[in-house]
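If you read the sequence shown in my numbering, its first letter stands for residue -15, the second for the next number, and so on.
The beta carbon of each residue, even a glycine, is placed where N, CA and C say it ideally should be.
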Amino acid sequence: MSKDKKTYGILIDYHYCTGCHACEVACKSELDLPHGQFGIKLAEDGPRKKIDGKWELTYIPIPTELCNLCEKRLSEGRLPTCVHHCQSACMDFGPVEELAKKMAGKTKQVLFVPAVNSSRSV
Ligand code: SF4
Ligand code: SF4
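Listed below in structure tokens is the structure:
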């Protein structure tokens, strides 16, 4: 990766998240976190019946304040391990401006920007 002063983030297209927990497990290993602590935590909405009578179950991975955007891996030119291990390839890493453009017109996406990287130079 080239030297720059951009702010980086993670875009999660949770429409395609299957709830496999791979991101959660990979993150815990990378950060060497004790039991009960998470750098990213999978949340569930549902199953519940919608107004149209159909059932909905949504998985939403939520990065926590422990996320350091995999700074060691980034310094080695590698992707964050959650992005690398996502079974559905529904996580993306990059400059916030580029990720925001990818979000345009889509639903069920979240863009996470950890405070730790506001002055990142990678
Ligand atoms: S980028 Fe953050 S949430 Fe993802 S694996 Fe690294 S520390 Fe965990
Ligand atoms: S690895 Fe990907 S598909 Fe699996 S829970 Fe995390 S975001 Fe969802």
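Only counting the same chain, and skipping five residues up and downstream in sequence, which positions put a Cβ closer than 8 Å to that of residue i?
i	result
H5	L26
G30	W39, E40, L41, T42
What span of residues does the alpha helix (DSSP H) with residue i cover, start to end?
i	result
P25	Note that residue 25 corresponds to Lys in the displayed sequence, not to Pro. Taken as a continuous stretch (DSSP letters only), K25 belongs to no alpha helix (DSSP H), being part of the beta strand (DSSP E) at 24 to 33.
L58	55 to 59
V9	6 to 15
What first and last residue would you give for the beta strand (DSSP E) that runs through residue i?
i	result
V67	Counting along the chain, V67 falls outside any beta strand (DSSP E), though it belongs to the alpha helix (DSSP H) covering 65 to 69.
V94	93 to 96
Please return the same chain residues whose Cβ sits closer than 6 Å to the Cβ of residue i, not counting the five positions on each side in sequence.
i	result
Y(-2)	I44, K92
Q71	C4, A6
N52	V100
Short of 7 Å in beta carbon distance, which residues of its chain neighbour residue i, apart from the five on each side in sequence? Order them along the chain.
i	result
L83	G(-7), L(-5), D76, L95
> Can you list every residue whose CB sits closer than 5 Å to some heavy atom of ligand 2, going in chain order?
Replying inline: C1, T2, C4, A6, C7, P45, C70, Q71, S72
> Any contact of the region 6 to 17 with the region 57 to 67, i.e. 3+ C-beta pairs under 8 Å?
Replying inline: yes
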